[in-house]
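**Q**
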Amino acid sequence: MQDTKRRRTTGQITLFDVAKYAGVGTMTVSRALRTPECVSEKLRKKIQLAIDALGYKPNIAASLLASASTNRFIAIVTTKICDHSAKLFLDTLQASLTQENYILLVIESYHYNQCEQQLLDALFSHNLAAIILFYIENDNLIKQIISHKTIPIMNIGKHTDSLNNLDIAMNDTQAMYLLTEHVIKKGYEQIGLLCANQEYQFFQQRLHGWHKAMLTHHLPNHRIINAAKPANFTTGSEMLADMILNWPELEVIMCTTDELACGVLYECQRRHIKVPYQLAVCGFGDNEFSQVSFPPLTTISLPSKQLGKQTAQMLLSQLTDNTLYSEPDLNTIIPIIKSRASLI
Numbered sequence: 046m047q048d049t050k051r052r053r054t055t056g057q058i059t060l061f062d063v064a065k066y067a068g069v070g071t072m073t074v075s076r077a078l079r080t081p082e083c084v085s086e087k088l089r090k091k092i093q094l095a096i097d098a099l100g101y102k103p104n105i106a107a108s109l110l111a112s113a114s115t116n117r118f119i120a121i122v123t124t125k126i127c128d129h130s131a132k133l134f135l136d137t138l139q140a141s142l143t144q145e146n147y148i149l150l151v152i153e154s155y156h157y158n159q160c161e162q163q164l165l166d167a168l169f170s171h172n173l174a175a176i177i178l179f180y181i182e183n184d185n186l187i188k189q190i191i192s193h194k195t196i197p198i199m200n201i202g203k204h205t206d207s208l209n210n211l212d213i214a215m216n217d218t219q220a221m222y223l224l225t226e227h228v229i230k231k232g233y234e235q236i237g238l239l240c241a242n243q244e245y246q247f248f249q250q251r252l253h254g255w256h257k258a259m260l261t262h263h264l265p266n267h268r269i270i271n272a273a274k275p276a277n278f279t280t281g282s283e284m285l286a287d288m289i290l291n292w293p294e295l296e297v298i299m300c301t302t303d304e305l306a307c308g309v310l311y312e313c314q315r316r317h318i319k320v321p322y323q324l325a326v327c328g329f330g331d332n333e334f335s336q337v338s339f340p341p342l343t344t345i346s347l348p349s350k351q352l353g354k355q356t357a358q359m360l361l362s363q364l365t366d367n368t369l370y371s372e373p374d375l376n377t378i379i380p381i382i383k384s385r386a387s388l389i
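What follows is the structure, encoded as structure tokens:
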């Protein structure tokens with residue numbers, strides 16, 4: 046057995062060890078791993094025997110760094126990484142970009158609010174093909190990223206004049222307005238809104254949409270509880286008591302997330318409150334569980350998959366300068382109300 050040289054920090058077998066064991070150069074081993082078609086079958090077998098004998102594991106981080114020179118990375122910066130709609134968007138976007146051999150790097154910006162420079166350093170230390178800003182409200186951060194613009198930068202969410210055709214102004218205000226108006230047109234007038242601790246920008250957008258619809262139809266808009274707790278099932282369950290204690294006349298409770306709304310449904314069942322006959326309930330986001338709750342939850346579906354596909358289409362058009370990727374019709378990206386049994 047030949048002597049091997051292990052990495053000082055991890056104790057792992059190195060590429061050098063494999064090359065020494067196989068009796069070839071390190072570049073030959075690297076080429077056999079990256080582009081096996083460029084190495085003869087005899088050498089590939091020899092190198093594979095060395096890999097198996099030594100138990101060599103490639104250094105993924107080093108491989109990514111090396112391949113960054115091929116300019117196939119697209120960074121997406123977002124505060125919305127845990128949101129259901131964001132997950133659908135990212136999954137669809139990644140599927141579309143992967144088909145064109147691009148790799149998506151996701152950076153969650155929420156924890157960089159106090160150290161923007163660290164985020165900027167992380168972005169510009171990579172040889173990126175493009176940057177996508179997804180629901181970023183920090184104007185200073187957007188401005189700094191745009192000021193370094195040498196690659197396509199796409200902004201989704203807050204309108205930014207600097208980006209022209211790569212700017213998609215979308216927010217949750219329109220969605221909450223449409224859902225609230227749907228509830229009002231069903232004949233409900235005594236409407237309450239349950240909010241909880243979520244990203245400030247999304248809370249503000251949904252609250253604004255609700256206020257706008259209520260004021261448009263001349264309905265009272267004071268029945269609001271904003272819990273200083275996570276926007277989850279437990280909070281929804283706990284806050285139902287406060288809602289009906291403060292406003293026993295309530296006909297419907299609207300919630301800023303489906304999690305809150307399903308928590309309200311669970312507590313209604315425990316209290317034997319018949320939904321929707323005694324109290325109707327609405328959520329926001331069309332999470333998968335909203336379809337199987339009891340009763341199924343009325344909510345609104347954000348066009349996340351469609352947005353993901355069209356974002357990829359617009360970006361690929363910029364990256365390839367190819368007429369194959371035509372300009373999408375953004376007017377078709379609208380939220381869809383899912384009217385179910387929790388509202389009659």
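Quick note: the sequence shown, position 26, residue 71 per the working numbering, numbers continuous. Yeah, the Cβ is synthetic: ideal placement off N, Cα and C, and Gly gets one too.
1) Which word fits S192, buried or exposed, when buried means at least 16 other C-beta atoms lie within 10 angstroms of its C-beta?
2) Using the Cα positions of I119 and G254, report the straight-line distance between them to the nearest angstrom.
3) Compute the Euclidean distance between the alpha carbons of I96 and Y147, then round it to the nearest angstrom.
4) Based on DSSP bridge pairs, tell me the residues matched to V84.
5) Identify, in the order they occur along the chain, each residue of the same chain with its Cβ nearer than 8 Å to the Cβ of S114, setting aside the five sequence neighbours on each side.
6) Comparing alpha-carbon positions, which option in G70, L223 and L142 lies nearest Q358?
7) From this set, V326, T279 and C83, which residue's C-alpha is nearest I229's C-alpha?
8) Do L290 and S387 have their C-beta atoms closer together than 8 Å?
9) Specify, as a first and last residue, the run of the beta strand (DSSP E) that V228 falls within.
10) Quickly, what does DSSP pair M284 with across the bridge? List them, please.
11) Going by DSSP in three states, A325 sits in which element: helix, strand or coil?
12) How big is the Cα-Cα spacing for Y233 and I381?
13) How should E312 be labelled, buried or exposed, when 16 other C-beta atoms within 10 angstroms of its C-beta is the threshold for buried?
14) To the nearest angstrom, how far is the alpha carbon of E153 from that of T123?
15) Nearest CA to the CA of Q235: which residue from A272, I196, Y101 and M288?
**A** The relevant details are as follows:
1) In the sequence shown, residue 192 corresponds to position 147, counting from 1. S192 is classed as exposed because its beta carbon has fewer than 16 other beta carbons within 10 Å across all chains shown.
2) Within the sequence shown, numbered from 1, the residue matching residue 119 stands at position 74. Within the sequence shown, numbered from 1, the residue matching residue 254 stands at position 209. Their Cα atoms are separated by approximately 32 Å.
3) As a working mapping, residue 96 is identified with position 51 in the sequence shown. As a working mapping, residue 147 is identified with position 102 in the sequence shown. It is roughly 29 Å from the alpha-carbon of I96 to the alpha-carbon of Y147.
4) Position 39 of the sequence shown, counted from the first residue, corresponds to residue 84. Beta-bridge partners of V84 (DSSP): none assigned.
5) Within the sequence shown, residue 114 is the residue found at index 69, counting from 1. Because S114 carries a pLDDT of 46, less than 50, the predicted location of this residue cannot be relied on, and the following value inherits that uncertainty. Cβ neighbours of S114 beyond the five flanking positions: N172.
6) What you label residue 358 is simply residue 313 of the sequence shown in a count that begins at 1. Ranking G70, L223 and L142 by Cα distance to Q358 puts L142 first.
7) Reading the sequence shown from its first residue, position 184 is the one you call residue 229. Minimum Cα-Cα distance from I229 among the listed residues V326, T279 and C83 corresponds to V326.
8) What you label residue 290 is simply residue 245 of the sequence shown in a count that begins at 1. What you label residue 387 is simply residue 342 of the sequence shown in a count that begins at 1. With respect to S387, L290 sits apart: the two C-beta atoms are not nearer than 8 Å.
9) Counting from 1 along the sequence shown, the entry for residue 228 is found at position 183. No beta strand (DSSP E) contains V228, which is instead part of the alpha helix (DSSP H) from T218 to K230.
10) As a first step, residue 284 must be located in the sequence shown, where it is residue number 239. Answer is none; M284 lacks a bridge partner.
11) If you number the sequence shown from 1, residue 325 lands on position 280. The three-state reading of DSSP puts A325 in strand, counting E and B together.
12) Counted from its first residue, the sequence shown places residue 233 at position 188. Counted from its first residue, the sequence shown places residue 381 at position 336. Rounded to whole angstroms, Y233 to I381 spans 20 Å at the Cα level.
13) As a working note, residue 312 is residue 267 in the sequence shown. Of the other Cβ atoms in all chains shown, 16 or more fall within 10 Å of the Cβ of E312; this residue is therefore buried.
14) Residue mapping note: residue 153 aligns to position 108 of the sequence shown, counting from 1. Residue mapping note: residue 123 aligns to position 78 of the sequence shown, counting from 1. One C-alpha to the other measures close to 5 Å.
15) Counted from its first residue, the sequence shown places residue 235 at position 190. Closest by C-alpha distance to Q235, out of A272, I196, Y101 and M288, is M288.
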